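Numbering (my numbering), first residue to last: 110 to 445. Think of the CB as a built atom: it goes at the ideal place given N, C-alpha and C, for glycine as much as any other residue. Nothing here was measured: the structure is a model prediction, and the numbers come from that model. Data first, discussion second: the structure below is written as structure tokens.
Encoded structure:
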């Protein structure tokens, strides 16, 4: 509501006779637009500009742009935001992101729970794209847990080399394959308490598998998720399990899996770690951290990644809904 009334207040705040210096006017306009509050007093009195200088010459030079971190255009939620207000804001953000990313999905290629758990373990310290480019060769040679459990580690290491930390990852995927064969008859279990017993599988990996292979709600607290929920002030926690509990309490359990996809999609495409594209963000009015990144709309557009920037996504075989929305498949390993 503050933004709607800022124009009239700004006009009332301007002096009738005096022309305020450019820098002061620019700052006042930005503050009014940002916070939606009236500038109730004119600028401090200063010597008037020379009457000999035409108006056009005094305004020809553009005003110095404000620093985004100090002059955000979007109102910040009050520090005393109530629990009810926080829940409403968080759920509205999720609804807005659902409209922006109606095709949000796990960005690892998989055809069954075994492929998904292996791919998720391999995604540590690398991109989903690199995993997706590597797993076709792995699953072609070792299509089932029994095959990977009996594999020669050196052969697996050579396949996994592009993903980084390939020796540790080889031990994990062979180890979890053996555990599946020995403890679960070669089937990926559908319970959290069983999944986290597998080598290389923690709560994050377990929830990826439960939510996307078994349809059981879970929150995936990866680096993108952690960064965004803290920027949005959904929680101040820093430990993944505490973040999971805090954010989970804001939403019905049925929303958890898609919430994770929405947040991670947004973190990869717009709300980047080092330079968020604030000027192109669809939830800017709801974001307390607006202004940490580029606020100029045209400059912000150049920071967009994946399909919003005209580039392919992470999956070689993405869902049809993603393709229908204009997304493009990622190239296979070794493609130009």
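| field | Residue from 193, 396, 192, 231 whose Cα sits closest to the Cα of residue 283 | value | For the purposes of this step, residue 283 is taken as the residue at position 174 of the chain shown. When only C-alpha atoms are compared, the closest one is 231.
| said: I'd like to check one pair, residue 206 with residue 333: are the Cβ atoms closer than 7 Å? | reply: The residue labelled residue 333 in the question sits at position 224 within the chain shown. The residue labelled residue 206 in the question sits at position 97 within the chain shown. Cβ atoms of residue 333 and residue 206: not closer than 7 Å.
| field | When 214, 208, 189, 194 are compared against residue 432, the one with the closest alpha-carbon | value | Sequence index remark: in the chain shown, residue 432 carries index 323 (1-based). Checking every option, the nearest Cα to that of residue 432 belongs to 214.
| Smallest Cα separation from residue 198: which of 257, 405, 359? | Along the chain shown, read from residue 1 onward, the residue named residue 198 stands at position 89. Out of 257, 405, 359, 359 has the C-alpha closest to the C-alpha of residue 198.
| Between the Cα of residue 350 and the Cα atoms of 261, 368, 336, 328, which residue gives the shortest distance? | For the purposes of this step, residue 350 is taken as residue 241 along the chain shown, with counting starting at 1. Of the listed residues, the one whose Cα sits closest to residue 350 is 328.
| message | Here's the rule I'm using: 16 or more other beta-carbon atoms within 10 Å means buried, otherwise exposed. How should residue 237 be labelled? | response | Residue mapping note: residue 237 aligns to position 128 of the chain shown, counting from 1. Residue 237 comes out buried.
| Which whole runs of the alpha helix (DSSP H) in the region 340-375 are 4 residues long or more, in chain order? | DSSP runs (the alpha helix (DSSP H)) wholly in the region 340-375: 349-357.
| said: Going by DSSP, what residue range makes up the alpha helix (DSSP H) through residue 196? | reply: For this step, residue 196 is matched to residue 87 along the chain shown. Where residue 196 is concerned, the enclosing alpha helix (DSSP H) stretches over 192-209.
| said: Can you tell me whether residue 310 is helix, strand or coil according to DSSP? | reply: Looking up residue 310 in the chain shown gives position 201. Note: residue 310 maps to coil in three-state DSSP.
| request: Tell me whether residue 218 is buried or exposed, calling it buried when 16 or more other Cβ atoms sit within 10 Å of its Cβ. | output: Translated into the one-based positions of the chain shown, residue 218 becomes position 109. Result: buried.
| Three-way DSSP call (helix, strand, coil) for residue 273 in this model | Translated into the one-based positions of the chain shown, residue 273 becomes position 164. Residue 273 falls in the coil class under three-state DSSP.
| field | Cβ distance (whole Å) where residue 222 is taken to contact residue 322 below 8 Å | value | Stepping through the chain shown from its first residue, residue 222 is reached at position 113. Stepping through the chain shown from its first residue, residue 322 is reached at position 213. Their Cβ separation, rounded to whole angstroms, is 4 Å, which keeps residue 222 and residue 322 in contact under 8 Å.
| query | Which whole-angstrom value is the C-beta distance of residue 239 and residue 279, which I expect to be below 8 Å? | reply | For this step, residue 239 is matched to residue 130 along the chain shown. For this step, residue 279 is matched to residue 170 along the chain shown. That pair is no contact at about 16 Å.
| task | Return the residue from the list 337, 400, 425, 370 that minimises the CA-CA distance to residue 436. | result | Here residue 436 corresponds to residue number 327 of the chain shown, with the count starting at 1. The residue among 337, 400, 425, 370 with its C-alpha nearest the C-alpha of residue 436 is 425.
| field | Straight-line gap, residue 268 to residue 259 (C-alpha atoms, nearest Å) | value | Within the chain shown, residue 268 is the residue found at index 159, counting from 1. Within the chain shown, residue 259 is the residue found at index 150, counting from 1. Taking the straight line joining both Cα atoms gives about 15 Å.
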